[in-house]
Amino acid sequence: MEIERKFFINDPLPGYKEYPYHAIEQGYLCTEPVVRVRREDDTYYLTYKSRGKLAREEYNLPLTKEAYEHLIGKADGNILTKKRYLIPVVGSHLTIEFDVFEGKFQGLMLAEVEFETEEEANAFVPPEWFGRDVTYSGEYQNSRLSGLAGMELL
């Protein structure tokens, strides 16, 4: 089960580039249900996600590089590329996954925080640098971005 909240970011945390990051490329084979292929650095996998905004089922299956390259060529819509910075939440076990998009969506910045329970997610007080909570709107779900013709959400 994936339980996460997502936030639109206007002004990033100063010095965020000093934190570790992953280079991510991903494409969607289907958006209902969500079936995604992702390259994260040198790791490749296929992900299934059920419907939902705050909480939903998620399953990750490992892929070889060759299988990923075959499947990414079959992805519909936009291939998303981004750097995901891993920023610890001071005083907690939580980590902010700060996505800085590249390519077609360059300039888009989103932050996600994953939680162990829905109660923990609902009690979370975001840092001051976080912008609007877009968890329940669905407008910034990566599967939705994959289908947009332009940058309507920037």
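Here the UniProt record's numbering is used: the first residue of the sequence shown is 1, the next is one more, and so on.
Each residue gets a CB set at the ideal place from its N, CA and C atoms; glycine is no exception.
Contact between Asn142 and Leu94 does not hold, since the beta-carbon distance rounds to 20 angstroms and is not under 8 angstroms. Taken through DSSP and simplified to helix, strand or coil, Ile9 comes out as coil. Remark: three or more beta-carbon pairs, one from each stretch, lie closer than 8 angstroms, so the stretch 64-83 and the stretch 13-29 are flagged as touching. In the three-state reduction of the DSSP assignment, Arg36 falls in the strand class, which pools E and B. When the Cα atoms are used, Thr117 and Lys74 turn out to be separated by approximately 35 angstroms. Straight-line spacing of the CA atoms in Pro12 and Glu102 works out to 15 angstroms. One Cα belongs to Leu110, the other to Arg39, and the distance between them is close to 19 angstroms. Cβ atoms of Ile72 and Val37 come within 8 angstroms of each other, at about 5 angstroms. Taking C-alpha positions only, Tyr21 is separated from Glu97 by approximately 9 angstroms. Rounded to whole angstroms, the gap between the alpha carbons of Pro88 and Glu18 is 12 angstroms.
According to DSSP, residue pairing for Glu112 in a beta bridge involves Lys6 and Glu97. Annotation note: the stretch 24-68 contains no uninterrupted alpha helix (DSSP H) run of length 4 or greater. Ranked by Cα distance from Ala23, the options Val34, Asn60, Leu54 and Val100 are led by Val100.
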